[in-house]
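**Q**
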Amino acid sequence: MKRSVISILLCITLLFGMLSLNAGAAKQAHYLMLGDSIAYGSGLANPKAAVYGKIVADTNGYAYENDAVPGYTTDDLMRRMEADAVRDEIAGADIINISIGGNNFLRGNLSGLLFESIVKGEYARLDEIAAGFYDDLVKIVDTIRTLNSNAAILLQTLYNPQTGDVGKVYQQGADRLNAKIRDYEKKNPGQILIADVAKALTDSEHDFAADRIHPSAAGNEKIAKVILQTLFDNGLGSKTEPVIHTKGVDTSGAVMFSWFVDLYGRFFHLLGVLCGLLQKLG
2 MKRSVISILL CITLLFGMLS LNAGAAKQAH YLMLGDSIAY GSGLANPKAA VYGKIVADTN
62 GYAYENDAVP GYTTDDLMRR MEADAVRDEI AGADIINISI GGNNFLRGNL SGLLFESIVK
122 GEYARLDEIA AGFYDDLVKI VDTIRTLNSN AAILLQTLYN PQTGDVGKVY QQGADRLNAK
182 IRDYEKKNPG QILIADVAKA LTDSEHDFAA DRIHPSAAGN EKIAKVILQT LFDNGLGSKT
242 EPVIHTKGVD TSGAVMFSWF VDLYGRFFHL LGVLCGLLQK LG
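To convert, note that position 196 of the sequence shown is 197 in my numbering; the numbers rise steadily by one, no gaps.
(1) Touching or not, the segment 83-101 and the segment 112-126, by the rule of three or more beta carbon pairs under 8 Å?
(2) Compute the beta-carbon to beta-carbon distance between residue 36 and residue 216, rounded to the nearest angstrom, for a pair I have assumed lies under 8 Å.
(3) Three-state secondary structure (DSSP) at residue 29?
(4) Out of 104, 169, 31, state which residue places its alpha-carbon closest to the alpha-carbon of residue 130.
(5) Kindly indicate which three-state DSSP category residue 253 falls into: helix, strand or coil?
(6) Can you tell me whether residue 190 is buried or exposed? The criterion is at least 16 other CB atoms within 10 Å of its CB, across all chains shown.
(7) By how many angstroms is the C-alpha of residue 39 removed from the C-alpha of residue 228?
(8) Whole-angstrom Cβ separation of residue 250 and residue 46, contact assumed at under 8 Å?
(9) From the DSSP secondary-structure annotation, give me the bridge partner or partners of residue 216.
(10) Of all the options 149, 127, 225, 223, which has the alpha carbon lying nearest to the alpha carbon of residue 179?
(11) With a floor of 3 residues, list each beta strand (DSSP E) that falls wholly inside the segment 153-212, ordered by position along the chain.
(12) According to DSSP, is residue 22 part of a helix, a strand, or is it coil?
(13) Are the segment 83-92 and the segment 133-143 in contact at 8 Å, needing three or more beta carbon pairs?
(14) Looking at the structure shown, is residue 99 part of a helix, part of a strand, or coil, going by DSSP?
(15) Only counting the same chain, and skipping five residues up and downstream in sequence, which positions put a Cβ closer than 6 Å to that of residue 177?
(16) May I have the straight-line CA-CA distance separating residue 77 from residue 159, to the nearest angstrom?
(17) Secondary structure at residue 45, three-state DSSP: helix, strand or coil?
Written out as structure tokens, the structure reads:
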């Protein structure tokens, strides 16, 4: 009789253990990254292991999927969301983290944009790009909500990795896009969460890779911390300090783009000074 009681108690203990394991597995949130090269981790030599999204997932114990593609604009992302595989990922996600917008500037006529901004002091083209970004943002969120009405959508603000005259133009563009993000949040309360990455990445020497576009390993860790805090503040995460399983390694490639951007900036600055002198003389 005593042996039977012990057996029953052991069975009950095992049963509760199995139920606890199943409950723990059921609580694991699915974390999906969408967007551009920032979300992909292009500033790292080991992006899959050390990009900020992976850090966030490792820290909070999320199931993790990264579907970001380098070079993507908002228009590219909208087309990407037409693919059945991506739509399935969106439908199954609990948290959708989006980095998008920088390429809306960079993949346009960059030289013309810098000429208008630096030499002529005109920002109409930046306003036009920002307006298009807002329209696309509405469509992106609407598409996600059609596929998944419950997921938290976390949108990152756009940082400024540039310095000098190009940095001033880039800041004008970033400010406009970030204003559109906040405008959307005000007009559509509860639809998105904003992770203010731009506020955290301000150290041009350490936060960015050699290409002066993408976050460095240190920059990725800073972004992870911002996102972890945002998720924690909204009851979607349990920790705010990043857990680093694999240390990021900064890439040393793609410096030509940075060199050309600097050259553009200096050229248009000199051209602007010359035009100003000619106007005074005229």
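Every residue, glycine too, gets a C-beta built ideally from N, C-alpha and C. Since we're looking at a predicted model, the values are computed, not measured.
**A** According to the structure data:
(1) Per the Cβ contact rule, the segment 83-101 is not in contact with the segment 112-126 (fewer than 3 Cβ pairs under 8 Å).
(2) Not confirmed; about 13 Å, so no contact.
(3) Residue 29 falls in the coil class under three-state DSSP.
(4) Of the listed residues, the one whose Cα sits closest to residue 130 is 104.
(5) coil
(6) exposed
(7) Going by the C-alpha atoms only, they are around 14 Å apart.
(8) 4 Å
(9) 209
(10) 127
(11) 153-157, 194-196
(12) Bear in mind that a pLDDT of 43 at residue 22, under 50, signals an unreliable position, so the number given afterwards is only what the model happens to contain. Of the three classes helix, strand and coil, the one that applies to residue 22 here is helix, per DSSP.
(13) Judged by Cβ distances under 8 Å, the segment 83-92 makes no contact with the segment 133-143, as fewer than three pairs qualify.
(14) If DSSP states are grouped into helix, strand and coil, residue 99 belongs with the strands.
(15) 127, 131
(16) 17 Å
(17) strand
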